[in-house]
Amino acid sequence: MDVNLRAIQETDLPGSQRAIFDIIRLPLQSNLAQPAKAAEVASRLHLRFAASDSPSRLADDLWDTWVVLVEVVSLIPPDHQWHSILVDALHLLRDKELVGSGHIEHPLRDLPGLPAYVRDVWIDPTEFEENSSQEDFKWRNLNSFIARLTAATFSPWLNLPIWQLRSALEEEPKKGTAMDCRLWVASEWILQCGELVYDEITSNRELDEWSARALGGGPLYESQVPLSLARWQFWMARFQNLSENAVGLELDASVIARITLTVQRMGAIRDKHGE
1 MDVNLRAIQE TDLPGSQRAI FDIIRLPLQS NLAQPAKAAE VASRLHLRFA ASDSPSRLAD
61 DLWDTWVVLV EVVSLIPPDH QWHSILVDAL HLLRDKELVG SGHIEHPLRD LPGLPAYVRD
121 VWIDPTEFEE NSSQEDFKWR NLNSFIARLT AATFSPWLNL PIWQLRSALE EEPKKGTAMD
181 CRLWVASEWI LQCGELVYDE ITSNRELDEW SARALGGGPL YESQVPLSLA RWQFWMARFQ
241 NLSENAVGLE LDASVIARIT LTVQRMGAIR DKHGE
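For what it's worth, full-length UniProt numbering labels the leading residue of the sequence shown as 1, then goes sequentially.
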């Protein structure tokens, strides 16, 4: 399946973002093998950052990179190899050094600015009455990319899967394509990084007032403890319940199949931890 990046290519991008777009695009569209494409993207971005002549210039280049990257990955379906290439490229980038970074051993380790930018653009289109299939498509792609990027050594946004699971499972269900999208996204977080989500949701750590509100349950779970095994169990039960009501909710068959895989995965993770 070909990925059409023309929508970005024909946009009037600022000069720096145009250059970064080409840094990402050209290796993807080359004849290199998949690992070499990831290495080439990481190397080109590293050279760009290394050429920054001041901290403020580096910060600007990083921010422009995240702006372009989010636009690109939103157009790439999760089963396309470019998705995996860009995930691998960012993990390679995290291990690269920058000359003159002083006492900071790995200044790119936390992909500075990316978590903040992702939070800025984290707007679920299914929350709006007028949302299009293209918006749902881009939302699925972005969630899949961020979930795949999440790892034991890089998980700055574990609030995001909690929000998406809350939206799909702790609110009164919608019907049709909006619910398909919500359930697809929620299941993707479990299928891609369920172990990390489980560790977070069952941590039982104390939350300050702001965090308790941010991670609190939806209307169907609002009186419960935000971080607990009970919430994981609730999610499993809700996935199953929604699947059993698939006809009334007008769910697509592919989403029903994903729910089955997701519940199996959740049970396996729970059992692995002896819960």
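By construction, the Cβ of each residue, glycine as well, lies at the ideal position given by its N, Cα and C atoms. All of these numbers come straight from a predicted model, not from anything done at the bench.
Determine the DSSP secondary structure at Phe128, reduced to helix, strand or coil. As a first step, residue 128 must be located in the sequence shown, where it is residue number 128. Looking at Phe128 - three-state DSSP - the assignment turns out to be coil, as it is neither helix nor strand.
In this structure, does DSSP put Ala151 in helix, strand or coil? Locating residue 151 in the sequence shown gives position 151, where the first residue counts as 1. Note: Ala151 maps to strand in three-state DSSP.
Asn31, buried or exposed, once every other Cβ within 10 Å from all chains shown has been counted against 16: Within the sequence shown, residue 31 is the residue found at index 31, counting from 1. Asn31 should be labelled exposed.
Closer than 7 Å by C-beta to Pro226: which residues in its own chain qualify, once you throw out the five before and the five after it? Chain order, please. Counting from one through the sequence shown, the residue named residue 226 turns up at place 226. Result list for Pro226: Leu207, Ala212, Leu215, Gly216, Gly217, in chain order.
Note down, in chain order, each residue of its chain lying with its Cβ closer than 6 Å to the Cβ of Met236, except the 5 sequence neighbours on either side. Here the question's residue 236 lines up with position 236 in the sequence shown. The residues are Val263, Met266.
Comparing alpha-carbon positions, which option in His83, Ser228, Ser187 lies nearest Phe145? On the sequence shown, residue 145 is found 145 positions in, with the first residue counted as 1. It is His83.
State the DSSP-derived secondary structure class of Gln224, mapped to helix, strand or coil. Here residue 224 is taken as the residue at index 224 of the sequence shown, counted from 1. It is coil, neither helix nor strand.
How would you write the range of the alpha helix (DSSP H) that Leu205 sits in, first residue to last? Walking along the sequence shown from the start, residue 205 turns up at place 205. For the sequence presented, residue 205 should be read as Arg rather than Leu. Element bounds for Arg205: n/a, residue is neither H nor E.
For Ile76, does the three-state DSSP call read helix, strand or coil? As a working note, residue 76 is residue 76 in the sequence shown. In this structure, Ile76 counts as coil in the three-state DSSP scheme.
When we look at the beta-carbon of Glu71 and count the other beta-carbons within 10 Å, is it buried (16 or more) or exposed? Counted from its first residue, the sequence shown places residue 71 at position 71. Burial call: buried.
Where the alpha helix (DSSP H) through Trp232 begins and ends: Counting from one through the sequence shown, the residue named residue 232 turns up at place 232. Where Trp232 is concerned, the enclosing alpha helix (DSSP H) stretches over 229-244.
Assuming residue 286 contacts Phe239 (C-beta within less than 8 Å), just tell me the rounded distance between them. Shown here, the chain extends from 1 to 275; a query on residue 286 therefore has no answer.
Note down the Cα distance separating Gln55 from Ala147, rounded to an integer number of angstroms. Sequence index remark: in the sequence shown, residue 55 carries index 55 (1-based). Sequence index remark: in the sequence shown, residue 147 carries index 147 (1-based). According to the sequence provided, residue 55 is Pro. The question's Gln does not apply to it. Cα to Cα, the separation comes out at about 29 Å.
Between which two residues does the alpha helix (DSSP H) carrying Asn159 extend? For the purposes of this step, residue 159 is identified with residue 159 of the sequence shown, where counting begins at 1. 159-169 is the span of the alpha helix (DSSP H), which, as asked, contains Asn159.
Mark Asp79 as exposed unless 16 or more other C-beta atoms lie within 10 angstroms of its C-beta, in which case mark it buried. Locating residue 79 in the sequence shown gives position 79, counting from the first residue. Exposed: under 16 other Cβ atoms inside 10 Å.
Taking the C-alpha atoms as reference points, what is the distance between Leu229 and Asp271? Residue mapping note: residue 229 aligns to position 229 of the sequence shown, counting from 1. Residue mapping note: residue 271 aligns to position 271 of the sequence shown, counting from 1. Each residue's alpha carbon lies about 12 Å from the other.
Applying the 10 Å Cβ sphere with the 16-neighbour rule, what's the burial state of Ser132? The count along the sequence shown starts at 1 and reaches residue 132 at position 132. Label assigned to Ser132: exposed.
Answer with buried or exposed for Phe128, where buried requires no fewer than 16 other C-beta atoms within 10 angstroms of its C-beta. Position 128 of the sequence shown, counted from the start, is the residue given in the question as residue 128. Result: exposed.
Skipping 5 residues on each side, what residues in its chain have a beta carbon closer than 7 Å to that of Ser155? Locating residue 155 in the sequence shown gives position 155, counting from the first residue. Taken in chain order, the residues that qualify are Leu196.
From Asp61, Glu171, Ile76, pick the residue whose C-alpha is nearest to that of Pro14; which is it? The residue you call residue 14 lines up with position 14 of the sequence shown. Checking every option, the nearest Cα to that of Pro14 belongs to Asp61.
Cβ distance (whole Å) where Leu183 is taken to contact Ala168 below 8 Å: Working through the sequence shown from its first residue, we reach residue 183 at position 183. Working through the sequence shown from its first residue, we reach residue 168 at position 168. Confirmed, about 5 Å.
Out of curiosity, what's the CA-to-CA distance linking Leu191 and Leu47? Working through the sequence shown from its first residue, we reach residue 191 at position 191. Working through the sequence shown from its first residue, we reach residue 47 at position 47. Near 34 Å, if we compare the C-alpha coordinates of Leu47 and Leu191.
Apply the 10 Å Cβ neighbour rule to Gln29 and answer buried if 16 or more other Cβ atoms are within range, or exposed otherwise. Stepping through the sequence shown from its first residue, residue 29 is reached at position 29. Exposed: under 16 other Cβ atoms inside 10 Å.
Give me the Cα-Cα distance between Ala246 and Arg57, rounded to the nearest whole angstrom. Here residue 246 refers to the residue found at position 246 of the sequence shown. Here residue 57 refers to the residue found at position 57 of the sequence shown. So the two alpha carbons sit approximately 51 Å from each other.
Where Arg119 falls, given that 16 or more other Cβ within 10 Å makes a residue buried: Locating residue 119 in the sequence shown gives position 119, where the first residue counts as 1. Label assigned to Arg119: exposed.
Use the C-beta contact count for Arg205: other C-beta atoms within 10 angstroms, 16 or more gives buried, fewer gives exposed. If you number the sequence shown from 1, residue 205 lands on position 205. Arg205 is exposed by the Cβ-count criterion.
Please report how far the alpha carbon of Glu250 lies from the alpha carbon of Ala59, in whole angstroms. Sequence index remark: in the sequence shown, residue 250 carries index 250 (1-based). Sequence index remark: in the sequence shown, residue 59 carries index 59 (1-based). Rounded to whole angstroms, Glu250 to Ala59 spans 46 Å at the Cα level.
Assign Gly102 to buried or exposed, taking buried as 16 or more other Cβ atoms, counted over all protein chains shown, within 10 Å of its Cβ. Indexing the sequence shown from 1 puts residue 102 at position 102. For Gly102, the predicted model reports a pLDDT of 48, less than 50, meaning its position is unreliable and no value from the coordinates is stated.
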